[in-house]
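Student:
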Amino acid sequence: MEHLRNTLKLLEEANFKINVDKCTFGKKEIQFMGHIISKEGIKANPEKLGCIRKMQAPNNRSEHASLLGFCNYYQKFIEKFAELAYPLYELLKVNKTFEWNNEAETAFKNVKNALMLLSVLKFPLENQPLPVYTDASGHSLGIKLSQFIHNIDCPIAFASRKLKPAEMNYSTTDREMLGIVWACRNFRKYLLGRHFTVHYHHNPLQYLSNFRDSHYRRARWLSILSEFDFSVKYIPGSKNVIVDSLSNLVSGVTLESDLTIRGQQKLDI
């Protein structure tokens, strides 16, 4: 009843009217825009995904665009979706002839498998750590926000995107820094006002404490990060390896870098 009371109070404060005849109360879960929402979190509606096993490779650019539109709707449940689907996006370029090749077929199968194993996105708990994971490849960024609930690493949100042409020319260090900045901005509603830890694969973060470079882009990134209160932890390993599961990297590693950035600190830029 407390949740219902709080919900109705918020609706009243927003002067938002609802039709009582169209409302149901006391349900353990509800369906909303292809999703199922319950106390366990948010998940994709299995009824909407039943066609995935029968999904066939597209025969032309129009069918391919429809396929990616369907996949994009559920990409928030898939870790590093942009990395998985990168060859499929490449086929949509207007300056390329649509040609279904082995690389596209492999990506298509990987995306289908990911769609059949969608994660349940949990609701964050108050006063519990919120680790952020970032991963930058040569052509995409992948970020993840999670929380350990009953000693299980549970995802709260995923996001990924292709790098812009100019960003593909960034150094490895700049791509990793871009990933951290994008994660902080993307998960801002969860992170602002609380301390959190960013886990990353490259070791450039001494920039943030010893930075004396006048490069405009990096100075702008530092200005954005100054809004947040966070620590960074370096996960050793080859910067070129795309790790299958970021959550497996939290334990059993030596943290070679441990730096804290606080929103109230003045950054030298």
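Once you know that position 100 of the sequence shown is 100 in UniProt numbering, the rest is easy, because the numbers rise by one and skip nothing. A virtual CB, placed ideally from N, CA and C, is assigned to each residue, including glycine.
(1) Does Glu13 pass the burial test, meaning 16 or more other C-beta atoms within 10 Å, or should it be called exposed?
(2) Quick one: residues in its chain with C-beta nearer than 7 Å to the C-beta of His202, no 5 flanking neighbours on either side, listed in chain order?
(3) Are Leu145 and Ala157 close, meaning C-beta to C-beta below 8 Å?
(4) When you compare only the Cα positions, how much space is there between Trp221 and Tyr190?
(5) Quick check: Val120 and Cys71, are their CB atoms within less than 8 Å of each other?
(6) For the candidate residues Leu115, His150, Leu130, whose alpha-carbon lies nearest to that of Ile143?
(7) Between the C-alpha atoms of Phe16 and Ser137, what's the straight-line distance to the nearest angstrom?
(8) Taking its Cβ as the centre, do 16 or more other Cβ atoms sit within 10 Å of His199, making it buried, or is it exposed?
(9) Give me the Cα-Cα distance between Phe77 and Lys43, rounded to the nearest whole angstrom.
(10) Of the residues Met116, Lys164, Cys184, which one's Cα is nearest the Cα of Ile52?
(11) Check whether the stretch 148-156 touches the stretch 99-108, taking contact to mean three or more Cβ pairs, one atom from each stretch, closer than 8 Å.
(12) Bridge partners of Thr97, per DSSP?
(13) Only counting runs of 4 or more residues, tell me where the alpha helix (DSSP H) segments fall wholly within the stretch 43-98, in order along the chain.
(14) Which residue marks the beginning of the alpha helix (DSSP H) containing Thr24, and which one marks its end?
Tutor: Checking against the coordinates, here is how it stands:
(1) Walking along the sequence shown from the start, residue 13 turns up at place 13. Exposed, since its Cβ has fewer than 16 Cβ neighbours within 10 Å.
(2) Taking the sequence shown and counting its residues from 1, one reaches residue 202 at position 202. Same-chain partners within the cutoff: Thr172, Thr173, Glu176, Lys239.
(3) On the sequence shown, position 145 is the one that residue 145 refers to. On the sequence shown, position 157 is the one that residue 157 refers to. Yes, these two residues count as a Cβ contact at 8 Å.
(4) By one-based count along the sequence shown, residue 221 stands at place 221. By one-based count along the sequence shown, residue 190 stands at place 190. About 19 Å.
(5) Taking the sequence shown and counting its residues from 1, one reaches residue 120 at position 120. Taking the sequence shown and counting its residues from 1, one reaches residue 71 at position 71. Their beta carbons are not under 8 Å apart, which means Val120 does not touch Cys71 by this criterion.
(6) Residue mapping note: residue 143 aligns to position 143 of the sequence shown, counting from 1. The candidate whose alpha carbon is nearest that of Ile143 is Leu130.
(7) Along the sequence shown, read from residue 1 onward, the residue named residue 16 stands at position 16. Along the sequence shown, read from residue 1 onward, the residue named residue 137 stands at position 137. C-alpha separation (whole angstroms): 44 Å.
(8) Counted from its first residue, the sequence shown places residue 199 at position 199. Label assigned to His199: buried.
(9) The residue given as residue 77 occupies position 77 in the sequence shown. The residue given as residue 43 occupies position 43 in the sequence shown. Rounded to whole angstroms, Phe77 to Lys43 spans 8 Å at the Cα level.
(10) In the sequence shown, the residue the question calls residue 52 occupies position 52. Of Met116, Lys164, Cys184, the residue nearest in Cα terms is Met116.
(11) no
(12) Mapped onto the sequence shown, residue 97 falls at position 97. Answer is none; Thr97 lacks a bridge partner.
(13) 61-73, 81-90
(14) For the purposes of this step, residue 24 is identified with residue 24 of the sequence shown, where counting begins at 1. Premise fails: Thr24 is in no alpha helix (DSSP H) and is neither H nor E.
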